[in-house]
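Chains as they are written, first to last, in my numbering: chain A, 17 to 253; chain B, 6 to 208; chain C, 366 to 950.
This report concerns only the one structure given below.
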Amino acid sequence: MSLVELGWLDLIGAVLGFVFTLLIFSYIIADNPLFRFTIFLFIGISSGFVTIIVIYNVLLPRLVVPLISGNQGQQLLGLIPLALSVLLLMKISPRTAHWGNSAMAYLVGVGAATAIGGGLLGTLFPQMGALINLFDVSGIQQIGGNLIISLINAVIILLGTIATLAFFHFGIRSKGNQTGLQQGWIENLSQLGRIFIAVTFGVLFAGVFSAALIALVERLSFLVDFIKPLVTLIVTM
Amino acid sequence: MKTPVATGLAIGVGLVVLLGYFIPVGILSNLRQLLVEWAGILAAVALLVGIFNLYYVHVSKIRAGHEENFYSYVLVISLTATIILVGWFGPVHSVSRWIFNHIQVPIESSLMALLAVILVYMIIRMLRRRIDHLSIIFVITAVFMLITASFFLYEMPVLSEVRKWIIQVMAVAGARGILIGIVLGIIATGLRVLIGTDRPYSG
Amino acid sequence: MAQTAHIVDKMTEFICPNCGTSNSPDQEFCQSCHANLAFRNTTEGSTDNAVPESEENQSPAEEGYPGFEDELIEVPEDNNNLDDLFKEETEKAEIDLNTFADSETGEEGAISDDSQYRDPLPDWLIDLTSEDVGKDEERVLKDPEIDEDEQGLNNLEKEFSAWLSEIENDDDSDIGEEEAKEPVEEIVDEPELEQVELPEWLEAMRPVELVAPPLRSRDEANELLEGRGPLAGIWGVLPSEPDSAREGEPKSASVVLQVSENNRVNADLLKGMLGEKWESKPLASSQVFASQDYIRWIIALILFAAIIWALTTSNQEQNPRSLNTPNEVVSVYNLINGLTVGDRVLVAFEYDPGLSPELDAAAAPIVDHLLLRGVYLTMVSTSPIGPLLGERFLTFTQVDHNLRTNRNYVNLGYIPASTAGLISFSQNPRRTLPFTIESEPAWGDANQKALLPLQGIYQVSDFALVVVIVDQPEVARAWIEQVLPYLQAGLERTPLVMVSSAQAEPLIRPYYEAIPKQIQGLVTGLAGGTSYTSLTRRDSLPLTYWEAFGTGLIIAALLITIGGIVNISISLFPRKINDEGEGSE
Numbered sequence: 017m018s019l020v021e022l023g024w025l026d027l028i029g030a031v032l033g034f035v036f037t038l039l040i041f042s043y044i045i046a047d048n049p050l051f052r053f054t055i056f057l058f059i060g061i062s063s064g065f066v067t068i069i070v071i072y073n074v075l076l077p078r079l080v081v082p083l084i085s086g087n088q089g090q091q092l093l094g095l096i097p098l099a100l101s102v103l104l105l106m107k108i109s110p111r112t113a114h115w116g117n118s119a120m121a122y123l124v125g126v127g128a129a130t131a132i133g134g135g136l137l138g139t140l141f142p143q144m145g146a147l148i149n150l151f152d153v154s155g156i157q158q159i160g161g162n163l164i165i166s167l168i169n170a171v172i173i174l175l176g177t178i179a180t181l182a183f184f185h186f187g188i189r190s191k192g193n194q195t196g197l198q199q200g201w202i203e204n205l206s207q208l209g210r211i212f213i214a215v216t217f218g219v220l221f222a223g224v225f226s227a228a229l230i231a232l233v234e235r236l237s238f239l240v241d242f243i244k245p246l247v248t249l250i251v252t253m
Numbered sequence: 006m007k008t009p010v011a012t013g014l015a016i017g018v019g020l021v022v023l024l025g026y027f028i029p030v031g032i033l034s035n036l037r038q039l040l041v042e043w044a045g046i047l048a049a050v051a052l053l054v055g056i057f058n059l060y061y062v063h064v065s066k067i068r069a070g071h072e073e074n075f076y077s078y079v080l081v082i083s084l085t086a087t088i089i090l091v092g093w094f095g096p097v098h099s100v101s102r103w104i105f106n107h108i109q110v111p112i113e114s115s116l117m118a119l120l121a122v123i124l125v126y127m128i129i130r131m132l133r134r135r136i137d138h139l140s141i142i143f144v145i146t147a148v149f150m151l152i153t154a155s156f157f158l159y160e161m162p163v164l165s166e167v168r169k170w171i172i173q174v175m176a177v178a179g180a181r182g183i184l185i186g187i188v189l190g191i192i193a194t195g196l197r198v199l200i201g202t203d204r205p206y207s208g
Numbered sequence: 366m367a368q369t370a371h372i373v374d375k376m377t378e379f380i381c382p383n384c385g386t387s388n389s390p391d392q393e394f395c396q397s398c399h400a401n402l403a404f405r406n407t408t409e410g411s412t413d414n415a416v417p418e419s420e421e422n423q424s425p426a427e428e429g430y431p432g433f434e435d436e437l438i439e440v441p442e443d444n445n446n447l448d449d450l451f452k453e454e455t456e457k458a459e460i461d462l463n464t465f466a467d468s469e470t471g472e473e474g475a476i477s478d479d480s481q482y483r484d485p486l487p488d489w490l491i492d493l494t495s496e497d498v499g500k501d502e503e504r505v506l507k508d509p510e511i512d513e514d515e516q517g518l519n520n521l522e523k524e525f526s527a528w529l530s531e532i533e534n535d536d537d538s539d540i541g542e543e544e545a546k547e548p549v550e551e552i553v554d555e556p557e558l559e560q561v562e563l564p565e566w567l568e569a570m571r572p573v574e575l576v577a578p579p580l581r582s583r584d585e586a587n588e589l590l591e592g593r594g595p596l597a598g599i600w601g602v603l604p605s606e607p608d609s610a611r612e613g614e615p616k617s618a619s620v621v622l623q624v625s626e627n628n629r630v631n632a633d634l635l636k637g638m639l640g641e642k643w644e645s646k647p648l649a650s651s652q653v654f655a656s657q658d659y660i661r662w663i664i665a666l667i668l669f670a671a672i673i674w675a676l677t678t679s680n681q682e683q684n685p686r687s688l689n690t691p692n693e694v695v696s697v698y699n700l701i702n703g704l705t706v707g708d709r710v711l712v713a714f715e716y717d718p719g720l721s722p723e724l725d726a727a728a729a730p731i732v733d734h735l736l737l738r739g740v741y742l743t744m745v746s747t748s749p750i751g752p753l754l755g756e757r758f759l760t761f762t763q764v765d766h767n768l769r770t771n772r773n774y775v776n777l778g779y780i781p782a783s784t785a786g787l788i789s790f791s792q793n794p795r796r797t798l799p800f801t802i803e804s805e806p807a808w809g810d811a812n813q814k815a816l817l818p819l820q821g822i823y824q825v826s827d828f829a830l831v832v833v834i835v836d837q838p839e840v841a842r843a844w845i846e847q848v849l850p851y852l853q854a855g856l857e858r859t860p861l862v863m864v865s866s867a868q869a870e871p872l873i874r875p876y877y878e879a880i881p882k883q884i885q886g887l888v889t890g891l892a893g894g895t896s897y898t899s900l901t902r903r904d905s906l907p908l909t910y911w912e913a914f915g916t917g918l919i920i921a922a923l924l925i926t927i928g929g930i931v932n933i934s935i936s937l938f939p940r941k942i943n944d945e946g947e948g949s950e
């Protein structure tokens with residue numbers, strides 16, 4: 017949509033978007049007050065949005081409404097999260113912060129449990145099963161892939177996974193005159209793990225850069241689309 | 006409240022939620038549902054506490070007359086104005102959407118776009134500081150992935166196969182190891198919380 | 366020469382016994398030689414015990430040495446009687462250090478001028494310095510009850526007690542075995558001292574410097590001067606009692622830097638050696654822009670120019686149709702193709718606005734395909750901003766479908782508490798998100814039906830498909846760990862597919878590559894969206910950016926390669942020392 021087709025409100029919005037984009041890009045030259053102004057503005061706006069969404073979408077319908085218009089059971093049950101919420105709000109002041117420890121403990125307990133349960137059942141077991149199933153010959157044949165190449169790849173994946181784990185969990189660096197506490201073969205395995213990690217991080221870097229590049233393309237496209245009509249207008253004049 | 010109460014609460018609640026993963030019995034499942042619902046409410050309140058703290062810190066800076074309190078003014082004013090406008094009109098009203106689409110999204114997208122320049126610059130500098138076999142492998146992999154990403158839809162025969170192999174074998178092996186390692190660490194940390202050794206909520 | 370303290374008038378002035386300088390009565394240290402004047406009637410802690418070393422100053426108040434002050438009696442200032450008494454007593458007990466009187470023989474001996482001693486020598490020492498010292502030693506040693514230390518201590522005690530007893534106007538009740546004090550020979554003030562012949566054993570103990578005017582060597586300066594016991598007055602002997610047992614006022618640390626003459630000399634030498642460089646040079650003003658800034662600008666300039674050129678010259682009509690589409694993308698296409706009209710699909714917007722260019726482009730053809738199949742969309746998010754992103758996404762990328770909220774789609778809003786919230790939503794979405802983002806009841810009740818997109822939904826497995834648009838691997842993992850078990854629990858397993866940012870794809874792919882697959886389809890970034898477009902054969906957002914994106918990738922790869930080669934080449938040659946201090950940064 018070109019500038020001409022925009023309403024005046026959208027035009028102002030486009031101008032603002034243009035200005036803010038340039039202010040952010042000014043950081044490439046050097047850190048400057050305008051860049052910082054934009055950052056602080058962004059923080060304020062996003063915090064404001066989060067506040068309203070949390071109040072409108074969570075607290076009002078799930079805490080306030082049941083207490084006001086729910087049945088007796090709902091109202092009684094609703095007192096517990098209300099009490100915990102009040103305790104948590106006491107974290108605002110340092111003098112009363114210790115009262116919020118119980119509410120924080122509640123959150124931490126639930127978070128820890130979900131992390132453990134989900135990690136075990138959702139990642140650890142399935143991924144270890146996947147490592148084993150890589151060597152399922154019948155499964156490979158069902159897919160129709162080349163058996164030998166698939167098995168070689170399976171060996172590489174298994175070795176890479178174990179080597180990566182060896183690097184993270186068994187790496188003890190030798191300090192000074194002290195020799196490392198690793199056995200020789202674990203040390204070699206962790207060296208191999210480093211290679212796999214370097215490759216993985218290279219792929220990750222390419223992915224991060226791709227995502228950033230698309231944002232850059234989109235922003236430059238916006239700037240070009242904003243300036244083009246103006247340039248055309250000036251040229252035709 | 007005292008630490009034993011908090012610790013007991015963390016352990017008790019945690020155990021009920023954890024058991025619900027393995028024993029999907031009716032009563033336990035219902036209790037678990039109740040506990041996680043309340044956790045959602047508390048998490049929302051915790052967000053509000055964090056935002057209030059942000060607000061309070063900057064208001065204090067303004068009151069104290071710090072040298073660079075202009076930015077605090079900007080933050081406080083923008084926060085207050087957004088809360089008033091979005092709160093009054095609603096999160097999906099056209100006014101709220103206008104603020105979101107024309108201010109927040111362009112700023113965040115621009116920050117992400119800036120990252121593209123910074124990443125190229127940083128990887129060049131990394132090569133200047135540190136050259137070993139791992140950094141060479143890292144850079145070669147990254148460059149290869151970038152080049153083939155632009156051409157992979159054009160079916161370069163050898164390059165696309167190599168790219169596929171790197172993604173589906175080498176990177177998967179490393180990523181799987183990383184994931185398993187992360188989960189093992191999370192489980193260890195979570196167990197420490199559930200047995201009361203770690204108490205990040207006290208104090 | 367007598368070394369005595371003259372308390373002339375404590376109200377007006379005080380003459381330093383060390384150098385003879387007059388000081389005000391309230392001064393604790395001599396203003397000339399910094400000798401400690403604390404022995405002069407003060408009960409306050411001394412602030413400075415150190416004495417600058419000089420040949421003139423022969424004060425024994427060395428650092429670490431308790432000093433002769435310990436020997437002195439502290440007398441209350443306001444007791445005039447005590448002043449007179451002290452004066453009297455010191456006159457009585459005054460011993461010329463250069464003259465030794467033998468109480469028995471009456472002989473006098475003179476030693477070298479040893480001005481360290483301000484307090485009178487005890488009688489036993491005077492006895493020892495006589496020619497008949499051997500007899501004295503014999504006398505002392507033979508006496509079973511008295512040894513050298515005891516005798517010296519006893520004498521001191523006697524004098525001390527004698528003064529104290531007179532101060533208190535008491536009888537001499539604390540007198541030891543011997544008489545309170547032995548008559549002391551009058552000390553004759555002689556300007557010049559005669560050298561006496563010391564016994565061999567005493568000569569061996571005493572350092573030579575005590576005979577001649579002491580030229581204090583640095584080593585001797587560090588040695589202790591014994592002030593108690595039979596070896597009092599002798600340098601460099603082991604202390605008869607530990608420092609901790611010595612009485613005295615607690616030393617307080619000096620806040621003033623104590624610079625000795627030696628220190629001053631050495632500092633001057635060092636200054637001279639350093640010469641001009643001793644003066645601090647003003648810091649060179651840092652350049653406004655360093656070399657790394659120029660590199661950054663060049664990188665930005667090249668990238669911007671390439672992308673702008675590609676954007677302005679690209680042919681957006683080009684649609685890469687005959688291309689090899691990845692299997693994971695084809696899986697998603699097939700799954701969506703298998704949906705029927707009226708199916709309910711859950712779409713989660715789990716990304717930040719900063720990645721909306723990429724993920725809008727990646728997800729647009731998929732959501733377009735979904736809407737073409739006639740499904741109803743339900744939007745949720747575990748990010749507070751997610752619901753707004755969803756609205757924006759539909760507004761900007763699905764304009765052609767004329768969507769109406771609560772008719773074609775419903776936006777249920779924000780699921781708090783991430784993992785716990787996902788469990789709650791999976792088990793009971795009605796209680797977790799009872800209202801839409803517009804605060805309207807979503808699920809209805811006995812009197813009112815649920816909103817159209819939510820009819821027939823009681824748990825998450827009732828959805829026909831779940832699509833998660835995600836930019837972080839942790840969020841993807843949360844969905845897989847917490848929601849997937851509920852999706853697989855239903856009679857018809859609900860498939861889970863992901864539209865992922867390229868930055869998260871490496872850590873999400875293991876879930877797709879797992880056997881059995883945990884996610885049934887994966888569309889990654891702009892490339893995945895472009896591939897999907899080639900399947901749906903519809904013009905879509907990814908094509909707008911595709912050529913510029915490809916150009917940017919090539920330019921970036923070239924910049925990294927060239928920059929890397931240059932840096933590696935530089936590092937292979939020895940680097941010059943940078944005087945400007947810019948260094949490698």
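Backbone N, C-alpha and C define an ideal beta-carbon position, used for all residues, glycine too.
Confirm, please, whether the CB-CB distance from residue j to residue i is below 9 Å.
i	j	result
Ile59 of chain A	Leu84 of chain B	yes
Asp152 of chain A	Ile880 of chain C	yes
Val712 of chain C	Val764 of chain C	no
Ile750 of chain C	Gln109 of chain B	yes
Ala178 of chain B	Ile148 of chain A	no
Val125 of chain B	Leu668 of chain C	yes
Ile802 of chain C	Ile69 of chain A	yes
Taking the alpha-carbon positions, what's the residue i to residue j distance?
i	j	result
Phe105 of chain B	Gly29 of chain A	10 Å
Gly19 of chain B	Leu196 of chain B	10 Å
Val100 of chain B	Val66 of chain A	16 Å
Thr146 of chain B	Pro871 of chain C	13 Å
Thr248 of chain A	Trp662 of chain C	28 Å
Lys169 of chain B	Gln853 of chain C	29 Å
Leu103 of chain A	Val167 of chain B	57 Å
Thr895 of chain C	Leu887 of chain C	13 Å
So the candidates are the options; which of them puts its Cα closest to the Cα of residue i?
i	options	result
Leu229 of chain A	C:Gln560, C:Ala671 and C:Ser625	C:Ala671
Ala48 of chain B	C:Pro781, C:Asp391, C:Pro799 and C:Gly592	C:Pro781
Leu100 of chain A	B:Leu116, B:Gly186, B:Met161 and B:Ala15	B:Ala15
Leu151 of chain B	C:Ala892, C:Ala829 and C:Tyr897	C:Ala892
Leu819 of chain C	C:Leu720, C:Glu803 and C:Asn776	C:Asn776
Phe758 of chain C	C:Leu737, C:Asp733, C:Arg772 and C:Arg738	C:Asp733
Helix, strand or coil, according to DSSP, for residue i in the structure here?
i	result
Gly23 of chain A	coil
Val163 of chain B	helix
Val706 of chain C	coil
Gly33 of chain A	helix
Can you tell me whether residue i sits near the ligand PLP, meaning its C-beta is under 8 Å from at least one heavy atom of the ligand?
i	result
Tyr741 of chain C	Ligands displayed in this structure: none; no statement on the ligand PLP is therefore possible.
>> If contact is defined by three or more beta carbon pairs under 8 Å, each pair taking one atom from either stretch, is the region 213-233 of chain A in contact with the region 912-928 of chain C?
In response: A contact exists between the region 912-928 of chain C and the region 213-233 of chain A.
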